[in-house]
Structure formats: C-alpha cells, structure tokens
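Just below is one structure, and these are the notes that go with it.
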DNA sequence: TTCATTGTATACCGAACGGTATAAACTGTC
DNA sequence: GACAGTTTATACCGTTCGGTATACAATGAA
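Chains as they are written, first to last, in my numbering: chain R, 6 to 197; chain A, 6 to 197.
Structure below.
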C-alpha cells in the first residue's frame, strides 16, 4: 500500500473513532508514517482529504447501488437488492459506513455535512427512483414516494447502527435472511 | 433571561448549526454578550457547558417520557403516547432535538457521544420497558424486544429528521394523525 | 461600615491548530 | 553522469484553541 492510500486509511480510522473535527492533521500524518508536508503533497487541505476519502469509497458503492435500483416490476425484490448492496458494502467497509451515517446526521452547516451532501443526494435519488417507478404499478403509493424512500433509507441505516451497537465493528455482517426480514417489516409491519 | 441561561441558549444555537467541535468558547461568549471568564464562572469547561445543556433540556423530556411509557395493556396506545412526548418536545425544543439526534449518531469515542450517552441509555431503557411489558401479553414478540425498541426509536428519530429536512426548523411540528400513522406503519407496515 | 458573595472585564497563558517555505533525497530517463 | 520530476524531512508561520490570574463592581447581610 502506497503512502497516499495509507493516509486515506488512517484518516478513515481516526474520523470513524473520534470524528473529523477532533482529529488533527498532525496525528493523521504520524499514524500514517509520513510527515505533514507529505500529506499536503497528496491532498490540498484537511477538507480535501475528507472529500477524497468520501468519493474514493463512496463512488463504487453508488455505482453498485445504481445497478441494484433498476426497477423490474417487483418492489420487494428491488428493495432487497438495494438493501443487499448496502449490506455488502457495510461488510467490506464497516468503518466507512458508520462514518457516512454519522456525517449524514451531523449539523447542516458543518464542514462534514457539506462534504457528504453530494453522496447523500445521489443515494436519496436512487431510492426515490425505485418508489417512483413502483408508484406507477401500485397506485396507493402515489404521492408518498419521498416519505417512503426517506423511511426506507432510515430503516436500513438504522439496522446498520443497531448491528454496530450490539456486535461491534468486526461483525457488521447482515445475512440474506435479515435483509428479507427488514424489507418485509418495512412493507408489512412487525406483526406478520 | 439571565446570563447563564443566555449562554446555554447561544451554545445550543451554535452547536445545532455547526456542531460542538467547530464552535469556539470565544464565539459562544461573544454572541451571549458576555466575556469568556463569565462563561467559565458558570460552567467549569466547554464540555461542562455541553453536559449542562444536555441535562437541563433532556431531564424534563425523560421525565415526561417515563410517565408516557407506563404500559397499560395496549401496545399501540403506549407507543403513541411515547411518540407524542417526542413530538411535543420536538415542537418545543426543535434545535435541541436535532442536536440530540446528531450526537446520538456521532463517533463513539468523541466527546459529544460521551456527553449524550447517559440520556441515550435512559431513553432506550424506557422504550425497552414498553416492549418487555408487551411481550408478556404478546408471546410472538418475545426475544425481539431489543430489536423492536431500537427500531422504534430509530423510526421516530427518522421521522423527526425527515420533517426537519423537508420543512426546515420552525416547522418541526408532528400532528396527532402523523403519530398514529407512524406507529401504525411500525406495527403493520406500509401497505395497510 | 464592614464583609463576604456574586458577577463581570482586561489581559494573558501555553498548546495545538491548519498550512507552508525551503531544500535535500530519491527515482527513472537520456 | 546529467537531468527532471517526484517524494520526503526540518523547521517554521500566524491564528485560534481552551482556560485562567487578577482585579474591580455590585449586591445584600451584619
């Protein structure tokens, strides 16, 4: 692993544990085994480092998600596919996933939220697209697509956090059964 | 309003908008119309100020919630009562509510999460208590109380954020119908 | 009046912050 | 070997950070 990648990895580790603002550039450089000017050789600023981190990890995720969100006439199947992408990504990149959620819910005027905005926007548009397509088939859904999509995203995120809370980071592992149960609960409630 | 209260109010405003770490003590003092030593006369540190802010606003909420979470044989009714307390509080203290959520999801080793932990713990215990009591009546729920309570908290929080996202801060106003619809969705899914 | 308590202001502290100027070492190409 | 471009280290910049020493008003009780 080259220096650039090692810096990104270290930054992820520290931002995940203590948050962007609480971590100094100095510490990131030291823990990466380089000095500060080296860090600034690769990234134009601390904020630039954060942006790079988000896009480098977020882009592959959004591409996979885009492929999963093509509606093929079965809402449950499509939602499961989307949730599966999230689950896969959470397994591969647990710390990034949790960091993303933290920034998703952070103060609107903070730097971290500004940085994560573009990713959040695209994520929401993907899920909205699913419900919009489904609303053509299922009339009773019409007009509530935004509510449902935000609700679905929140529910999946929530499940991630729950897992993270109870099983610690190494086990951010969501099984196929869990995915189906989650989507089923979203669609039919906790009773059935 | 005395200086102490004005400092708390200013801190809430700034923490809500930009986050705890990004706001300096200097700025809080200036915007409160006092100087730094005055701030340190009332609060022993910046972190102490945050703690005071959280407990002063959080305590009344938790007391109300405790009263609402007494299980009287009807799960839906009890969940509605709990959600109603959250909704009322969100209407009265919108910025605090959103700040609370942000800290709820923030990095585990950060100061802000450490500060909000006791409140989070008590909140979770209240809701868990409801599902535990209900599990005695409804056997099929047994063993899934933790999952349901975290799910319920997340769903309500989610709704708050959704409102905040779409209507901006002044309108963090959740109607009785919305509360019932939310609980109903939680219990029976989005179809019914 | 005296006295302690509460509350406020001026001015300052050392440390850490994000960021950079400068130059030396390394790398591959010709 | 000469050279250009890349990569690193030393040492420093100004600014802001959280926090405080000191002193001075204001207040109410004795």
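Virtual Cβ for every residue (Gly too), placed ideally from N, Cα, C. Note that the coordinates shown come from a computational prediction; the quantities given were computed from them, not determined experimentally.
Let's test the definition: count the other Cβ atoms within 10 Å of the Cβ of residue i and tell me whether it reaches 16, buried, or not, exposed.
i	result
residue 143(A)	exposed
residue 28(R)	buried
residue 164(R)	buried
residue 46(A)	exposed
residue 83(A)	buried
residue 40(R)	exposed
residue 148(A)	exposed
residue 31(R)	exposed
residue 26(A)	buried
residue 114(R)	exposed
residue 10(A)	exposed
Counting only beta-carbon separations shorter than 8 Å, does residue i have a partner in chain R?
i	result
residue 33(A)	no
residue 29(A)	no
residue 111(A)	yes
residue 82(A)	no
residue 115(A)	yes
residue 6(A)	no
residue 72(A)	no
residue 24(A)	yes
Rounded to the nearest angstrom, what separates residue i and residue j at their Cα positions?
i	j	result
residue 24(A)	residue 104(A)	8 Å
residue 171(R)	residue 181(R)	19 Å
residue 167(R)	residue 127(R)	24 Å
residue 179(A)	residue 90(A)	11 Å
residue 55(A)	residue 157(A)	27 Å
residue 49(A)	residue 63(A)	20 Å
residue 197(A)	residue 15(R)	For residue 197(A), the predicted structure reports a pLDDT of 49, less than 50, and the residue's modelled location is therefore unreliable. A value from the coordinates is still provided. Cα to Cα, residue 197(A) sits roughly 48 Å from residue 15(R).
residue 153(A)	residue 34(A)	43 Å
residue 119(R)	residue 76(A)	42 Å
residue 98(A)	residue 20(A)	14 Å
residue 100(A)	residue 96(R)	34 Å
residue 109(A)	residue 155(A)	12 Å
residue 185(A)	residue 85(A)	6 Å
residue 53(A)	residue 106(R)	27 Å
residue 204(A)	residue 17(R)	Lying before the first or after the last residue shown, residue 204(A) is absent from chain A, which here runs from 6 to 197.
residue 78(A)	residue 51(R)	55 Å
residue 132(A)	residue 188(R)	23 Å
Measuring only between beta-carbons, confirm whether residue i sits less than 8 Å from chain A.
i	result
residue 106(R)	yes
residue 138(R)	no
residue 122(R)	no
residue 132(R)	no
residue 184(R)	no
residue 155(R)	yes
residue 163(R)	yes
residue 179(R)	no
residue 166(R)	yes
residue 21(R)	yes
Give, in chain order, every unbroken run of the alpha helix (DSSP H) that is at least 4 residues long and sits entirely within the stretch 94-162 of chain R. 99-109 and 116-142
Just list the alpha helix (DSSP H) runs in the stretch 15-98 of chain R, keeping only unbroken ones of 4 residues or longer that don't cross its boundaries, in chain order. 30-37, 41-47, 51-73 and 80-97
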